[in-house]
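Position in the sequence shown (first residue = 1) + 43 = our numbering. Idealized CB from N, CA, C, for every residue including glycine. In this text, all values refer to a predicted model and were calculated from it rather than measured experimentally. The structure appears right after this line, and notes come after that.
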Amino acid sequence: MLFDSHVAFIGGGVMGEAMIKSLLRSGALRPEQITLSEPNTDRRGLVSDQYHIHACADNASCARHADVVVLAVKPQVMDKVLNDLCGAIRPNALIFSIAAGISIATLREGLGGHEYIVRVMPNTPAQIGQGISVWTCTDAVTDAQREQAIQILKAMGDEVFVEDEQYLDMATALSGTGPAYVFLFMEALIDAGVHMGFSRPIAERLVIQTIRGSIEYAAASKLHAAQLRNQVTSPGGTTAAALYQLEKGSFRTVISKAVWAAYERSVQLGRKA
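Written out as structure tokens, the structure is:
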């Protein structure tokens, strides 16, 4: 479905670049099928040179002839972007937004009633094709456009479709922000290893492979996380001592509060938009 499509990217930040990289790597698109609008001169030149795509600083001209328009900008600048695009996009163009907290209703209104809209919450592992994206769309989106959306998302990893848009804010807090939780946990483990006496490179190697192996094992075993944890925990052993300190420090509660804070912030961003 994407092989003869023109895709315009509004925004060339981390996620915009991740999508461009994934689509080119997977063979879903060729460089000449992609245009990019990016206001930062250095960033625009870097992405353009890296992926051999046409780039400019004008949102309207970038999107004017596109079949798919990807809105890969921060929520705080979405109003300006929608104003630039209103009246400039093709009537049947598929709008593909990855901006956190920006509702379909806001996108539709900002684009003068445009109906073909997909809203997505991806995450940063999409940069290596290992992301997970949660998405929904308007009823007007055609079957062919749904297939286009799926092809874009599959290039970045896995995808989950939800009927109700409320799940997008939840996904923002869980999977969208989730890599940061994992990285902070990694950082803490690595620092603890260094504190005990490991060199930082060895501590990093031990932690990264431990997390990678644990994730692969969890996915392969299909067991509940609690069962997997119990397999590692012997009565009165070292793991039990470590877990006691985590529970004593309200580890679960802190994680839950962090996820809820991200969820509430996503909802708040949507209300401000």
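What's the call for residue i, buried or exposed, on a 16-neighbour Cβ count within 10 Å?
i	result
Asn126	exposed
Ala98	buried
Gly280	exposed
Ala283	exposed
Gln252	exposed
Ser80	buried
Leu312	buried
Gln40	No statement about residue 40 is possible, as the shown extent of the chain runs from 44 to 316 and does not include it.
Gly55	buried
Thr78	buried
Ala263	exposed
Ile15	One cannot answer for residue 15 here, as it falls past the ends of the chain, which runs 44 to 316.
Ala304	exposed
Can you give the Cα-Cα distance for residue i and residue j, rounded to whole angstroms?
i	j	result
Gly156	Cys180	15 angstroms
Arg255	Ile298	20 angstroms
Pro222	Glu152	32 angstroms
Asp101	Lys300	41 angstroms
Ile175	Pro278	36 angstroms
Arg133	Pro165	25 angstroms
Ser293	Leu286	11 angstroms
Thr84	Val184	34 angstroms
Tyr224	Tyr159	34 angstroms
Arg314	Met239	47 angstroms
Tyr94	Phe226	28 angstroms
Ser257	Gln270	13 angstroms
Ile96	Met121	23 angstroms
Leu289	Glu259	23 angstroms
Ala231	Ala106	43 angstroms
Val124	Lys117	10 angstroms
Leu266	Gly59	35 angstroms
Ala143	Ile245	36 angstroms
Phe228	Thr296	15 angstroms
Val57	Pro74	18 angstroms
Ala115	Asp92	19 angstroms
Thr276	Asp182	49 angstroms
Glu247	Leu154	47 angstroms
Taking 7 angstroms as the limit between beta carbons, can you name the residues of its chain near residue i, skipping five residues before and five after?
i	result
Trp178	Val161, Arg162, Val163, Ala192, Leu196, Glu202 and Phe204
Val302	Ala216 and Leu217
Gln76	Ser48, His49 and Val50
Arg272	none
Residues in the same chain with beta-carbon distance under 8 angstroms from residue i, minus the five sequence neighbours each way, listed in chain order, please.
i	result
Ala103	Asp127, Leu128 and Ala131
Leu249	Gly236 and Phe241
Tyr210	Val177 and Thr179
Lys82	The question names Lys, but residue 82 in the sequence shown is Pro. For Pro82, where only same-chain residues beyond five positions count, the Cβ hits under 8 angstroms are Ala100.
Ala268	Ala261
Looking only at its chain, what residues have a beta carbon closer than 6 angstroms to the beta carbon of residue i, apart from the 5 residues adjacent to it on each side?
i	result
Lys291	none
Gly219	Met164 and Asn166
Arg243	Val237
Arg198	One detail in the question is off: residue 198 reads as Ala in this sequence, not Arg. Once the five neighbours on either side are set aside, the close Cβ partners of Ala198 are Ser65, Leu66, Ser69 and Ala71.
Next item on the list: Give a yes or no on contact between the region 190-201 and the region 131-143, applying the rule of three or more CB pairs nearer than 8 angstroms.
Entry: yes
Item checked: Touching by the beta-carbon criterion (3+ pairs, under 8 angstroms), the region 234-243 and the region 193-208 -> no
Notebook entry, point to check: Touching or not, the region 144-160 and the region 84-103, by the rule of three or more beta carbon pairs under 8 angstroms?
Noted result: no
Item checked: Inter-stretch contact at 8 angstroms, needing at least 3 Cβ pairs: the region 63-80 / the region 170-184 -> yes
Check: Are the region 49-63 and the region 106-123 in contact at 8 angstroms, needing three or more beta carbon pairs?
Finding: yes
Check: Can at least three beta-carbon pairs, one atom from the region 215-225 and one from the region 302-309, be found at a separation below 8 angstroms?
Finding: yes
Item checked: Whole alpha helix (DSSP H) elements within the region 144-189, 4-residue minimum -> 147-153
Item checked: Ordered list of alpha helix (DSSP H) runs contained in the region 49-115, each at least 4 residues -> 57-69, 84-94 and 102-106
Check: Curious, which full-length alpha helix (DSSP H) runs of at least 4 residues does the region 224-309 contain?
Finding: 243-264, 268-275 and 281-291
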